[in-house]
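Inspection log for the structure reproduced underneath, given as structure tokens.
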Amino acid sequence: MSLLKLEKVTKQYGSLTTVNEVSFSLEAGQRVALLGHNGAGKTTLMRMMLGLTTITSGHIDILDTVPGDSQARRQTGYLPENVAFHGALTGREQLRHFARLKSVPVTMADDLLHRVGLNDAADRRIRTYSKGMRQRIGLAQALIGQPKLVLLDEPTSGLDPVSRHEFYEIVHELAGEGTAVLLSSHALSELETSTDRIIILSQGRLVANNDLASLRRNARLPVRLNVTATANTADQIAAELGGQRVNCSSVELTCQQDEKVALLGQITRLGEAVKDVNVIPVSLEELYRHYSKSTPEDQ
Amino acid sequence: MSIINVARIELLIARRNMWVATSVLMMAVFSLVLTLAGGAPTGSVGVSPLTVAATSITTLSVYLVPLVALLLSFDAISGEAERGTLALSLSYPLSRAEILIGKFLAHFLVLGFAVGVGLILSGLLVVWQTGNADMSFFPLIRLFATSLALGSAFLGLGYLVSSLVRQPGVASGAAIAIWLVAVVLYDLVLLGALVSDGGGVFTKTFFPWLLVANPADAFRLLNMPDVLVPELTSGISNAGLVSGFAGQLTSLLLWPVLALLLAWAAFRRVEP
């Protein structure tokens, strides 16, 4: 049974369609990334799931009920994009307030402060917090009450690389406990290892919904190989392998995923002439650009 | 239970709010100053010094209480909508009515504190001045209760504006406009009409009801004892008699209910 199921969900503001017939589902323990440029409909989609805005057409089933139902709200964690907590409160006061709203013991708020690494700053006013610390408060409140489903809207914006890493560790732990996590992001590179599935939205339409390996396979984008020559052999290598010489000592080659091993063999046979080989797989950025341009039928 | 939680966090925020501290201080200082100043010329009039103090404080409260109430409430919805915490609150198991009532409860208590401190200090000052604690404190109690009703009406209007206008900046402007119209311009316009009418149909039929329809004027009439009315507000005294105590009380009690219901209706339509 899916925790979250969307069927042909559409949102229109007047004549503007921000979300267009989007369907997907989310199972327990899954970490799913929602990708899309600004205005692609990620935030609107999350707001519809939470019942914060109405659905123009289609249907959303969240935790066996409808969006906005208090039973669903009790078991859902949400981190809005750019939320600014009241600066006059301390982190602990703010988090304990949210714990009370979810009817869980306030000691849970203290535990969560510890978990997101805010223990030392817990009794300082939020006004004095850095952007990253505010984002941690936001994450901590989304985890209150062991939610079955967590929706995070741009959770890593404003976080430094170390904090991002810690953030994805928490997401990983959550998924391990059976929580389904849906997060939206523009920061593509960090999603490579930290999500089970990627959903790409483009102009309100769902253009891809698959795990990363399948997305790579289906896109049939070329893999790049960078070959470094030992000495003055770059031209020879370029001629031999049909690549493009990029500077005096290296050559760039491209091939499809399934031709890669054969090409590597060919390079190895060149022996002494080759100093080094780098295989550059298709990046998430390239995939994202590829699918953003495509129509839903291409996937 | 959620109502209590919302009220608790709002009180915590109010405790650290500069506006609230300023309001409490302002009300206390003005109450004391008016009590001191009002006491001087009444020695032989035969009116209780407490009545004089309450009357002086009434003339001030009619401006200050609505102002403080609007300052507390204009940001309640629009501010949270702008900061994104409204969307967050509504993703919790919490209804809009609970949010509104919780905020109202907190702001009502803050207002009660601000008004109460000033009145208690005034009462103590009068007792100390006269050396006599055996008097009726009814004028002060009446002033306290009616101030809360007046304040509640303007809290409700503040929430209404805050729900209708998305930007806190615009909401604050609208709140000041409401204050200006309700407690200053309304009376001026009525007075102008009264003068130009020269005792005609308007003065006798419409004026008393128009006057009492404004909660600020109903508040003023309720707190002006009949003994002092002729001296202080000669034009208004007759009007007060026509609408009567019941009319004034109805207006003052109906406004908070009406304003809060309107605020709730507007808040329900706010998309966070």
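These protein sequence lines map, in sequence, to chains A and B.
So for the first sequence, my numbering puts the first residue at 1; every next one is plus one.
So for the second sequence, my numbering puts the first residue at 300; every next one is plus one.
The C-beta atom is built at its ideal place from N, Cα and C for all residues, glycine as well.
Residue pairing by DSSP puts Arg205 of chain A in a beta bridge opposite A:Ser202.
Interface flag for Leu45 of chain A against chain B is unset, since no Cβ pair is found closer than 7 Å. The C-alpha of Gly417 of chain B lies about 19 Å from the C-alpha of Leu369 of chain B.
Boundaries of the beta strand (DSSP E) harbouring Phe24 of chain A: 16–26, taken from the DSSP string. Of the candidates B:Glu381, B:Ala353, B:Phe437, the residue whose Cα lies closest to the Cα of Val569 of chain B is B:Glu381. For Thr107 of chain A, no beta strand (DSSP E) encloses it; the enclosing alpha helix (DSSP H) starts and ends at 106–115.
Interface annotation, Val83 of chain A: in contact with chain B, CB-CB separation under 7 Å. Using beta-carbon distances, Ala473 of chain B does not count as an interface residue toward chain A, since no partner is under 7 Å. Residue pairing from DSSP leaves Ala413 of chain B without any beta-bridge partner.
The alpha-carbon of His290 of chain A is positioned some 39 Å away from that of Gly145 of chain A.
Under the 7 Å criterion on CB atoms, Pro147 of chain A is classed as non-interfacial with respect to chain B. For a Cβ distance threshold of 8 Å, residue set Ser390 of chain B lies close to Thr76 of chain A, ordered along the chain.
Counting the other CB atoms within 10 Å of its CB gives Ile303 of chain B a total below 16, which places it among the exposed residues.
Judged by their CB atoms, Leu459 of chain B and Leu561 of chain B are nearer to each other than the 7 Å cut-off. Per DSSP, the beta bridge partners of Gly77 of chain A are A:Val150. Interface annotation, Leu387 of chain B: in contact with chain A, CB-CB separation under 7 Å. In the structure shown, the three-state DSSP call for Ala84 of chain A is coil. Of the other Cβ atoms in all chains shown, 16 or more fall within 10 Å of the Cβ of Asp153 of chain A; this residue is therefore buried.
Per DSSP, reduced to three states, the secondary structure at Val488 of chain B is helical. In this structure, the CA atom of Gly472 of chain B is about 38 Å from the CA atom of Val150 of chain A. Ile312 of chain B has its alpha-carbon roughly 25 Å from the corresponding atom of Leu420 of chain B. A distance of 7 Å or more separates the beta carbons of Thr502 of chain B and Leu510 of chain B. In the same chain as Met46 of chain A, and ignoring 5 residues on each side of it, the C-beta atoms closer than 6 Å to its own belong to Leu151, Asp153, in chain order. In the same chain as Trp318 of chain B, and ignoring 5 residues on each side of it, the C-beta atoms closer than 6 Å to its own belong to Leu370, in chain order.
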